[in-house]
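Accompanying notes for the structure given below.
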Amino acid sequence: MTKKICPLVGAEAVTSVDIRIRAKFGVGRMERARRDIFEKWEFATDPANLQLRVKAGMKAAAGHVRKYPPPGFTQVQIERLIECIEAPWGVRYERQIRDCLKGASGVEASVAIAAKVKELGLEPFKPAAPLPPIEEDEIRLVCWIAVDEISS
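Residue 132 in the working numbering sits at position 128 of the sequence shown, and the numbers go up by one each step.
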């Protein structure tokens with residue numbers, strides 16, 4: 005049986021349970037868990053992986069606003085409107101924006117889209133910051149559980 009100092013509370017922690025788990029389930033499963041954590045972390049370090057998909061109806065609405073900008077809008081307002089539309093909204097919002105395209109055409113549709121965006125309170129999407137890169141040996145499993153079948 006080994007003892008380790010628990011850095012959070014400054015007390016000794018007996019690791020006999022850890023030894024039994026390693027004996028029964030093997031170090032391989034713990035290493036696989038560590039590898040899985042590392043792969044998921046690495047995925048989150050790439051900003052491209054953090055970008056959510058924009059629905060087709062929203063892309064079509066943004067394209068329409070680009071082609072037929074609403075009158076009286078400055079270039080900055082048009083760009084903000086497009087950023088609001090090109091955010092990863094759900095089906096409910098997409099349906100309402102698409103309805104604006106069905107009921108009108110040209111500039112009228114763009115005005116309807118702008119009004120709907122304002123009514124819904126849509127804002128531009130700000131993606132989460134990517135995680136910093138790490139090395140696999142930096143991962144320390146603080147808590148790990150192995151599920152075993154019930155033996156009768």
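Glycine residues also receive a C-beta, built at the ideal position from the N, C-alpha and C atoms.
Just so it is clear, the structure is predicted and the values come from calculations on it, not from any experiment.
For residue j and residue i, the rounded distance between their alpha carbons
i       : j       : result
Gln-81  : Ala-48  : 32 Å
Glu-140 : Arg-38  : 8 Å
Ile-41  : Tyr-72  : 47 Å
Gln-79  : Arg-57  : 25 Å
Glu-43  : Gly-76  : 49 Å
Lys-122 : Phe-129 : 15 Å
Lys-8   : Arg-36  : Residue placement at Lys-8 cannot be trusted, given a pLDDT of 45 that sits under 50; what the coordinates show is reported in the next sentence. In a straight line, the C-alpha of Lys-8 is about 23 Å away from that of Arg-36.
Candidates the options, of which the one nearest residue i by Cα
i      : options                           : result
His-68 : Ala-108, Pro-136, Arg-38          : Ala-108
Asp-50 : Pro-92, Glu-127, Leu-135, Val-146 : Leu-135
Sequence-distant residues of the same chain with beta carbon closer than 6 Å to residue i, five excluded per side
i       : result
Arg-144 : none
Gly-110 : Tyr-72
Residues of its chain near residue i, where Cβ-Cβ distance is below 7 Å and the 5 sequence neighbours each way are ignored
i       : result
Ile-138 : Trp-45
Residues of its chain near residue i, where Cβ-Cβ distance is below 8 Å and the 5 sequence neighbours each way are ignored
i      : result
Leu-54 : Ala-48, Pro-131, Ala-132, Pro-134
Ala-65 : Ile-89, Ile-101, Arg-102, Cys-104, Leu-105, Ile-117
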